[in-house]
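Taking it in order: structure first as structure tokens, then the write-up.
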Amino acid sequence: MHAEYVFRVRFRLAPEGGVSVAPAEFETVLRVPAVEPGDPDDEWLFFRDNCWRGEVADERHLRDRAEELLGVPVVAVTFSELATDEAYLDALKAAIAEDVDQFGDDTASRVLTTYLGSSIRVVDDEA
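To convert, count from 1 in the sequence shown and add 5; that's our numbering.
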């Protein structure tokens, strides 16, 4: 069982000591491992807390988080997808269904559409 949230991150190099770089901004792909659905610390609810309709819900918050992870000033963060295998997606739907009312929808599939839009990509189990 495996899944990860995929983001495009635009970052800036800020060299010191009078040196300069060109270009100073770059784009990379950041992959954040998804926590097992139903985790008691609620970290599995990353999608609920950070995404809305397939977009980043609070870009400033995720920029700060990306800066911590990457160690460089981050200019922009955009959500690309939840890349998941079938087993993780099934477990995620089951965990959502256990308390679907907390999400304000009536099915796990609708919850995932509300938060992730169409940005779910099922990949082979070996990915």
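Where is the CB? At the ideal position from N, CA and C, for every residue including glycine. Just so it is clear, the structure is predicted and the values come from calculations on it, not from any experiment.
Collapsing the DSSP output to three states places GLU73 in a helix. Taken atom to atom, the span from the alpha-carbon of ARG58 to that of GLY22 is near 43 Å. It is roughly 27 Å from the alpha-carbon of GLY43 to the alpha-carbon of VAL34. Take the alpha-carbon of ARG53 and the one of GLY76: they are about 25 Å apart.
A straight line joining the alpha-carbon of ALA96 with that of ALA19 spans about 42 Å. Looking from the CA of ARG15, the closest CA among PHE51, ASP63 and THR83 belongs to THR83. Per DSSP, PHE108 is not a residue of any alpha helix (DSSP H), being assigned neither H nor E.
If you check the CB distance, ASP90 and HIS7 come in under 7 Å. Under the three-state reduction of DSSP output, VAL116 falls in the helix class. Partner residues in the beta bridge of PHE12, as assigned by DSSP, are LEU35 and PHE84. For the 7 Å CB-CB criterion, GLU86 and SER123 do not form a contact.
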